[in-house]
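Structure record follows, encoded as structure tokens.
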Amino acid sequence: MGSSKIDIPLKYERVFLKKLFLLLVLVASVAYSQTEYVRSENPVYNFLERMESLNILPDYNKFEIPKTRKDISEYIAQISTHKIELDNSDRELLNDFVVEFGFDLAEINANIQDSISAPISLFGSKDDFKLFSDKEKYMYFYNEKGKAALFVSLFAGGEVIDYKHESLENKSAFLGTIGGEIRGTFLDHFGFYIRGSNGNAFGDREAALQKEELKYSYKFNEKPDETFFDETEGYLAADYDIIRFKIGRDRLNIGYGSNKPILGNTAPVFDYVSMNLKYKFFTFSFFHGKLLGNSYDIIDTVTDVDHYVAEKYIAYHRLGLNISKDVDFGIGEIVVYGERSIDLSYLNPFAFYKSIEHSNRDRDNAMLFADFNNNSITGFNIYSTLLIDDITFGKVGKGWWGNEIMFNAGFYSSVLYKIIPLDFRFDYLRIEPYTFSHRLLRNNYTNYSYKLGADDADPNSYVLSSDFIYRLNHRFNLSAGFVYSVHGANPVDEYGNVIQNVGGDIQLGHRLSDSETVHFLDGALEYKRKISFSVNYEPINQYNIAAYIEYANQSLQNGIKNNYFTFILSLGIKI
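The sequence shown begins at 798 in my numbering and counts up by one.
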């Protein structure tokens, strides 16, 4: 979002972009869109978390993401009143976010409208469109105050992936993606969002699968010769300040830390309906979503093979309280059920899921959680989450398999803020045996067999992770991370058959034949270590360059040792 010396004649920019626009429409034949919610991957969330740690945003709730554009704009407006307290990097970063959310800022505060650069677009803008401008750029922009606002964007990207396993030669792949977004708001209360992308992978498939989203791409994985992959998100939302409704699909992140323990980034995106209430110190959140259950093939004499995927659902609600400007507390429930139609009992936001599970004859998997966040020390934020999958208090400490608990605690520090632009985070995650699994496979805490919560975290394990982020300037970040995990795996023979169930596999719950007693880290101990480095650079607004390097070392049961090296170079543009 810094200035550029490059100046391409306007007529050539228009000709090129118009041809690109028509080409993408003809090739993809799909409409794309952008929402009034800010996607969870947006770097503004890292910025807001830092502002919260500095006590500039005392009422910011980072437990649930994404936030609406209106919420983000109000936070930016609030931070702007503390601009003198920011370091040079964050002052410039704040200016970038003022540009990105300039239209929304002007809508919530007409007094600052004249001080914000208006967005430009190839179609529908009064100002000249410049491809290398630092203004917010769109393919099309329309606004009629109080009635409608519409934004259309296109994006394209490429990724080069180099992957090496110690027993194999280097493998490489190139991924190319094009897509678009449309977001719109009508009558100040109703918004919609559509996003879609198409891509192709060239080169080695195993290298291409180092991109997380390709691991659950149906076309790419189910057909060995297929190189095509696609993604889509979209929803309809209604916002009445205190209460909000939403139906659609996008990425939800729930939990504290970089490795979200409740809902993370390693499972497929799912569809859901949601409702959120917010009034001063009180918040209430609810959603009911559709997951993908177990899959298997049915042999049929007519269709040959029928691929069957069981129905599966998840419901969530949480009550949050801002006890003071430094302390947040939340309590909530989650329930997973499947292989039947939608249960109206769990569409009721204001009911206790555990009691409903009992009245439904104990067919489902209900969990209770509580979370805590404290920011009493400026620049130092501590947080924790306790989730109880199941528990019998009379058997606590006696090794009973049914005491299934997940505990997460960590801290985020920017205490050196006035000296050096360095942020540091440390997290500890412990998952007791059998937690998130279930005696009925359909009710385990997965989406199409992918864990819904934190990555690298299996039942009967603990994970230590740390992250460093150094801001060279507002558009150039360096980061490093380290993950160490110890897992008590179910011992298996040379053919992969389970010899003993110690609750170490989310896909295998407790069976009648399994021992009633199990202790933390029973089984075959497995160790995993991962070191990563990344560089993110945005030379011009909406043009991004990123590099990611990861080295992973695994010591698994039966003497198996693995070493992996991954390098990913990404380029992206959005207009």
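Glycine residues also receive a C-beta, built at the ideal position from the N, C-alpha and C atoms. Remember, predicted model here, so these are calculated numbers, not experimental data.
- Each of His1155, Arg1137, Arg1115 and Lys880 was checked against the Cα of Phe1147, and the nearest Cα belongs to Arg1115.
- Here the C-alpha atom of Gly1000 lies approximately 24 Å from the C-alpha atom of Thr1029.
- Spanning the alpha carbons of Gly1090 and Ile958 requires a straight line of approximately 31 Å.
- In this structure, Phe1364 keeps its C-beta atom at 7 Å or more from the C-beta atom of Ile1342.
- Assigned with DSSP and collapsed to three states, Asp1047 falls in coil, not helix or strand.
- If you look at Ala1321, you'll find it in the beta strand (DSSP E) that goes Ala1321 to Ile1337.
- A contact between stretches requires three or more CB pairs, one per stretch, nearer than 8 Å, and the stretch 1242-1249 fails this requirement with the stretch 1205-1217.
- Cα atoms of Asn967 and Pro863: separation of roughly 38 Å, rounded to the nearest angstrom.
- Residue pairing for Leu1249: DSSP places it in no beta bridge.
- The alpha-carbon of Asp1302 is positioned some 33 Å away from that of Gly1031.
- Between Asn1119 and Ser1262, the CB-CB gap reaches or exceeds 7 Å.
- Listed as beta-bridge partners of Leu883 by DSSP are no residues whatsoever.
- Secondary-structure assignment with DSSP links Gln1351 through a beta bridge to Lys1325 and Asn1359.
- Rounded to the nearest angstrom, the gap between the Cα atoms of Leu1006 and Lys1012 is 6 Å.
- The beta carbons of Leu1226 and Val1280 sit about 10 Å from each other, so the pair does not count as a contact at 8 Å.
- Ile1039 and Tyr1134 have their C-alpha atoms roughly 30 Å apart.
- Looking at the backbone, the Cα of Phe1081 and that of Gln1354 are separated by about 44 Å.
- Scanning its chain for C-beta atoms nearer than 8 Å, with the 5 sequence neighbours on each side dropped, one finds around Leu851 the residues Glu882, Thr1175, Gly1176, Ser1211 and Tyr1214, in chain order.
- The residue among Ser1173, Asn1270 and Leu919 with its C-alpha nearest the C-alpha of Pro1336 is Asn1270.
- Residues of the same chain with a CB within less than 7 Å of the CB of Ile1096, apart from the 5 flanking positions on each side, are Val1102 in chain order.
- Annotation: Asn1333 to Ala945 spans about 35 Å, alpha carbon to alpha carbon.
- Restricted to the stretch 941-998, not a single alpha helix (DSSP H) segment is unbroken, complete and at least 4 residues in length.
- The beta carbon of Asp985 is closer than 8 Å to those of Gly943 in its chain, skipping five residues each way along the sequence.
- Around Val1295, the same chain offers Asn1287 and Val1289 as residues with beta carbons nearer than 6 Å, after the five sequence neighbours per side are excluded.
- Residue nearest to Leu1184 within the set Asn839, Tyr1053 and Ser1352 is Tyr1053 (criterion: CA-CA distance).
- Within the same chain, Cβ atoms closer than 6 Å to the Cβ of Met848 are found at Leu854 and Ile876, the five residues on either side in sequence being excluded.
- Distance from the CA of Gly1278 to the CA of Asp1264, rounded to the nearest whole angstrom, comes to 4 Å.
- Cβ-Cβ distances below 6 Å link Gly1369 to Gly954 and Asn1341 in the same chain, with the five nearest sequence neighbours on each side left out; the list follows chain order.
- Between Ser1367 and Val949, the alpha-carbon positions lie close to 23 Å from each other.
- Just measuring C-alpha positions, the residue of Phe1330, Gln1297 and His1307 sitting nearest Asp1319 is Gln1297.
- In the three-state reduction of the DSSP assignment, Lys1192 falls in the helix class, which pools H, G and I.
- Per DSSP, the beta bridge partners of Leu1184 are Phe1166 and Met1203.
- The alpha-carbon of Asp1036 is positioned some 23 Å away from that of Pro916.
- Separation of the CB atoms of Glu963 and Asn1359 is rounded to 7 Å, and the pair is thereby assigned contact status at 8 Å.
- Residue pairing from DSSP places Tyr937 in a beta bridge opposite Phe920 and Val949.
- No Cβ-Cβ contact shorter than 7 Å links Gly1293 with Asn1257.
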